[in-house]
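**Q** Note that my numbering has the sequence shown beginning at 237, numbered continuously upward.
Heads up, the beta-carbon is just placed ideally off N, CA and C, and yes, glycines get one too.
Pasting in a structure now, in structure tokens, and then I'll have a few things to ask.
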Amino acid sequence: MKHQGLNTRLMRWSVDEIRQGQLWPIAISLTLIIACIFGLAALAERMEQVIVKQGKDALTADTVYISANPISERNLSYIDGAGLDTSYYTRFATMAFSDEGMQLITVKAVDGRFPLRGQLTLGSSQGNRYEVQPGELWLDTRIAEQLNVTEGDVVTVGDADLLVSGVILEEPGISFNPFQQMPTAYIHQDSVSQTGAIQLGSRVQFRAYLVGDEGRINQLKEKIELTPSDRWRDQSSGSRTNDIFDRTTQYLSLTVAIIIIMAATTLVLTCQNYVQSRRQTVAMLKSLGASKHWLIRWLSIQTLFLVTLAIVAGLVLGMALESLLRVPLTDLLPEPLPGYGVRPAVLAVMSSLLIGIPALGIPLYKLISVSSVEVLQSVDEKRGGWIHLLVLVPIVPLLIAYRDNQLVWIVLVGIVGLFLVLGAISVVFTYLLSKLSLPVSMKLAVSRINRSKRHTGLQYGALGLSLMLLTTIWLVRSDLLSDWQRTLPPDAPNAFALNIAEYEKQAYLEVLDSNGIQRSQAFPISRGRLTEINGEDAQLRQKPGVEQEDALSRELNFTYASALPTYNDVLSGEWTESNGVSVEKDVADNLNLQIGDVLGFTINGQQISAKVNSIRFVEWRDMKPNFYFIFTPDVLEKIPSAWLVSFRLEDKDNTLIGELSRNHPTVSLMDIRLMGEKIQSLLSQIVWSITVLAALGVLAGVLLIFTLLRLSLSQRQAEIRLYRTLGASRKRIVQTIWAEYGIMAITAGVVATLGAEMVVGSIMTFGFELPWSWHLSTWLAVPAIAFVTLAMVLFSLIRQMLTTSQKQFA
């Protein structure tokens, strides 16, 4: 009964200790760590499942074998014997004729198993269908309108007369590449020979779609020897649009790491302050006979209560955060949503505990080790020895988890560097200030700073760290958004006209110009391959172990012009009037091309050569006509070409475009307005997600700054009482504190901005491989924001402290 009473009193005392508020920042920090890790891990778990599935659906398979030549009997035997689900596909362009008109179309010949993944929906009067049967012809609605045909009409495709079975409602494998948005028709593989469209020299693509065990797919890839006309495509194949998702994932990972660092710093500082504030209490309890075992129980109750509360609150907040981050992605995610299981919760709790073990364990161990002598006099704190090895508990898993994450290591190195820079600047700056003639309040502030250089350096470092991390989050977000806006600028072209014949080019362009349609210049287009570099086989330039360069793996669109497009920046060399070719930067880098190299090409069966006269940077995402190679006119002008032009359509232009399509039936028009809307919507959703996370980063930073000031001002309590005892006025004390922290805010703000600029520059250059420039406005904004934030906190805390000290003085 007596033991039970002691336990009850111990519990009540522990609860009273918690209610005093010293320990709440610990719970808040742990809660923030758990919530961030859980929210991001849960969302990532869902998104990974969705992205993997959608990526395979977009391919319509797990992997695709693509060739410009018919698949050889040998490779067919390898594919059929691999034990995989297989579907064969042939794509070619040909003319389609009806009684009302004609149209150049892209034909996709598939078998009854297509698609292996994704959805193909065909609409007819008999209802929806999902497979193409022999003898059927399914048309894109745009082709049906241009040919003026309906279900049951006969359309001649090449040499074959086929009956229209209906229209294509939904097609798998649509990508954000506008040149893959051509109006198409579906026929069965059995009908290909009837069309007579595939002849020697025809532009045809043959594919084998494969679904099955990854090990078997890899074994098949090892057996098939790729020729220059062959390539594999799978979900890991790079695309420029996927860069946005990759960089978003990197940014989310970086932001979570920064939030955890700030919350962990807050946790450490709060624990240290709690220990300092309770040393006298523990010394007194020991002098009254409290055993070490009793103290461990007393502190354990408080710690377990706070950790339990933080875990529950963190998981609840994490679920809310995951839902909040998912709101803008609703349209992208399937119903029902894939679950995220228990992994995010386990990861969040384990991460917080790994951080909490040294953050709580080291200071609490030192608190338990306090001597009872401290009741009478101060005793130097014991170093603790082996207990500091607890720091390895979170560090070792961190090294393992982030060993390949370059961005996180850049930030960590920046943190260490910033501490060193801040320490040096704080010492030098305050030393120089002490040599100046200053007002009394400023002198007292500088004197206070100079008395404890180590403590001041830590304060500067911690404050500068929080400001640097906040600035880093914001600047990286701003730079990424600035880059993403180029994915589809507001004035970007949203329609492309291809295959414009020479004789109709002028008439086509005059219609666009007379109706005020904003367009690009017209480019002549011919198809060919890069075959030689300085007289050697170009394939020899392919780097081993790297995915095959586009310029070598397929036919490319070539053009010629009297001058380079104004929206391509020349990086080296200069445009010439004859026998020249300008090369896109990535191709030049990947193939190690230099100014003056002689390149050989095969175009329409003809061999041509040209000398590299310039290397250009091409921004592929601006949706303007862009090319890997642009020739001087003398090189290609004798080779037959069709013409291409891009332009921007508004809703009011729909009637005009319909007339253009009827008057120029052989011109292929790609209207990508719907695709543009999808990209803009997707970018808006991504912006929302990173903004929500950045807001959490700001919350963690503000909490850290508040904790720093709260702890620092608490340590001023004794000094304030001394100043009042010596007759210092309230005004003098307030001015001194404002001067000290004003110096700290401005100095830390300037140095934090410098540190953030260096870290962001490294992140953008080496992490995201994007250009970077100085953010001049930040150099004024960050110190100003730091001072305002400090002012808001100081105003509240100074008034509270002066009131408390006045009561004690009275």
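If you draw a straight line from the C-alpha of residue 606 to the C-alpha of residue 539, how long is it?
**A** 18 angstroms
**Q** Quick check on residue 326: buried or exposed, where buried means 16 or more other Cβ atoms within 10 Å of its Cβ?
**A** buried
**Q** With distances taken between CB atoms, is the gap from residue 636 to residue 466 smaller than 8 angstroms?
**A** No, Cβ-Cβ distance for residue 636 and residue 466 is not below 8 angstroms.
**Q** Between residue 360 and residue 398, which are expected to be in contact by the criterion C-beta below 8 angstroms, what is the C-beta distance as a whole number of angstroms?
**A** About 14 angstroms; that fails the 8 angstroms criterion.
**Q** Can you give me the start and stop residues for the alpha helix (DSSP H) that residue 747 sits inside?
**A** In the DSSP assignment, residue 747 falls within the alpha helix (DSSP H) that extends over 738-750.
**Q** What does DSSP give as the partner residues of residue 342 in its beta bridges?
**A** The partner list for residue 342 (beta bridge, DSSP) reads 329, 420.
**Q** Can you give the Cα-Cα distance for residue 909 and residue 880, rounded to whole angstroms?
**A** 18 angstroms
**Q** Thinking just about the alpha-carbon of each residue, which of 267, 660, 906 is nearest to the one in residue 984?
**A** 660
**Q** I'd like the list of long-range same chain contacts for residue 333, defined as Cβ closer than 6 angstroms, with 5 residues on each side in sequence excluded.
**A** 392
**Q** From what residue to what residue does the alpha helix (DSSP H) around residue 539 run?
**A** 528-562
**Q** At the level of alpha carbons, what is the spacing between residue 810 and residue 847?
**A** 12 angstroms
**Q** Considering only DSSP beta bridges, list what residue 392 is partnered with.
**A** In the DSSP output, where bridge partners are listed per residue, residue 392 has 333, 397.
**Q** By alpha-carbon positions, which one of 801, 445, 875, 591 ends up nearest to residue 627?
**A** 591
**Q** Would you give the residue range spanned by the alpha helix (DSSP H) that residue 455 belongs to?
**A** First-last of the alpha helix (DSSP H) with residue 455: 450-459.
**Q** If you draw a straight line from the alpha carbon of residue 416 to that of residue 342, how long is it in whole angstroms?
**A** At residue 416, the pLDDT of 46 sits below 50, so the modelled position is not reliable; the number obtained from the coordinates is stated separately. Computed Cα separation, rounded: 10 angstroms.
**Q** When the distance is taken between beta carbons, is residue 445 closer than 8 angstroms to residue 357?
**A** No, they are not a contact pair.
**Q** For residue 562, which of 282, 900, 1011 has the nearest alpha-carbon?
**A** 282
**Q** Pull up the DSSP beta-bridge partners for residue 364, would you.
**A** 359
**Q** Please list the terminal residues of the continuous alpha helix (DSSP H) segment that includes residue 597.
**A** 579-604
**Q** So, helix, strand or coil for residue 226, using DSSP?
**A** Limits of the chain in this structure are 237 at one end and 1046 at the other, which puts residue 226 out of reach.
**Q** Going by the beta-carbon positions, is the gap between residue 794 and residue 821 smaller than 8 angstroms?
**A** no
**Q** Give me the Cα-Cα distance between residue 1101 and residue 896, rounded to the nearest whole angstrom.
**A** A query on residue 1101 cannot be resolved here, the shown segment of the chain reaching from 237 to 1046 and no further.
**Q** Residue 792 to residue 806, Cα distance in whole Å?
**A** 21 angstroms
**Q** Would you please state the rounded distance, in angstroms, between the beta carbons of residue 497 and residue 748? I believe it to be under 8 angstroms.
**A** So it is not a contact: roughly 55 angstroms between Cβ atoms.
**Q** If you follow the beta strand (DSSP E) that residue 447 is in, where does it begin and where does it stop?
**A** 440-447
**Q** Check whether the Cβ atoms of residue 452 and residue 318 lie closer than 8 angstroms to each other.
**A** yes
**Q** Within its chain, find whatever has a CB closer than 8 angstroms to the CB of residue 386; leave out the 5 residues flanking it on each side and keep chain order.
**A** 380, 400
**Q** What three-state label does DSSP hand residue 414 in the structure shown?
**A** Bear in mind that the predicted position of residue 414 carries a pLDDT of just 41, short of 50, making it too unreliable to give a figure here.
**Q** Considering residue 890, what are the terminal residues of the beta strand (DSSP E) in which it resides?
**A** Looking at the DSSP string, residue 890 is not in any beta strand (DSSP E); the run it does join, the alpha helix (DSSP H), is 890-899.
**Q** Let's test the definition: count the other Cβ atoms within 10 Å of the Cβ of residue 715 and tell me whether it reaches 16, buried, or not, exposed.
**A** buried
**Q** Using the three-state DSSP reduction, which class does residue 814 fall into: helix, strand or coil?
**A** coil
**Q** Write down every uninterrupted run of the alpha helix (DSSP H) in the segment 827-876 whose length is 4 residues or greater and which is fully enclosed by it, in chain order.
**A** 869-872
**Q** On a Cα-Cα basis, can you pick out the residue from 584, 744, 519 that is closest to residue 900?
**A** 744
**Q** Could you name the residues of the same chain whose beta carbon sits closer than 6 angstroms to that of residue 971, not counting the 5 residues immediately before and after it, in chain order?
**A** For residue 971, where only same-chain residues beyond five positions count, the Cβ hits under 6 angstroms are 677.
**Q** Alpha carbon to alpha carbon, how far is residue 522 from residue 278?
**A** 47 angstroms
**Q** Less than 8 angstroms between the C-beta atoms of residue 329 and residue 373, yes or no?
**A** Cβ distance not < 8 angstroms, so residue 329 and residue 373 don't count as in contact.
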